[in-house]
Amino acid sequence: MSPMGIAILDQDKATVNILAELIADMGETPSPFIDKDKFLEAINPRSHAIAIICDEFVDVIEGTKQVYDAIEIVGIGTAGGEESLKAGAAHYLKKPFRAEEIRRVL
1 MSPMGIAILD QDKATVNILA ELIADMGETP SPFIDKDKFL EAINPRSHAI AIICDEFVDV
61 IEGTKQVYDA IEIVGIGTAG GEESLKAGAA HYLKKPFRAE EIRRVL
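Just so you know, the sequence shown maps onto residues 1 to 106 in the working numbering.
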């Protein structure tokens, strides 16, 4: 099976790097972004099965889900997650999350 593309959008570079490393360790292909516009230009269901998006970008969660229903969205952040889930995220992970939580969700 070919690796699954997983896009990551978070304003925190450290979080993006940790997630990208975890995803690569799982044998999947990370597409890390800290810039919302670059993320929106790149996101595509042909290359991304999953998008991990920080709840600071709830508008991006909503827009991505509306345009690309096939992309599974995982919200991350420090809030309760209601906003992300309402916007279209299938899962929500509260920071700081553990590596096994990410693996389980993906």
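No residue lacks a Cβ here, since even glycine has one placed at the ideal position from N, Cα and C. Note that the coordinates shown come from a computational prediction; the quantities given were computed from them, not determined experimentally.
Rounded to the nearest whole angstrom, the C-alpha separation of ALA87 and ASN44 is 18 angstroms. 8 angstroms or more divides the Cβ of LEU93 from the Cβ of VAL67. The continuous stretches of beta strand (DSSP E) do not include SER47, and DSSP gives it neither H nor E. The DSSP-derived three-state label of PHE57 is helix. Boundaries of the alpha helix (DSSP H) harbouring THR15: 13-25, taken from the DSSP string. Note that the C-beta distance between ALA20 and ILE8 is below 8 angstroms. Per DSSP, the continuous beta strand (DSSP E) segment holding LEU9 begins and ends at 5-9. Under the three-state reduction of DSSP, LYS65 is assigned to helix.
With respect to the C-alpha of GLY27, the residue from ALA89, PHE97, ASP69, PRO3 having the closest C-alpha is PRO3. Shown here, ILE34 sits in coil according to DSSP, grouped into three states, outside any helix or strand. Of the residues HIS91, ALA70, THR64, the one whose Cα lies closest to the Cα of GLY77 is HIS91.
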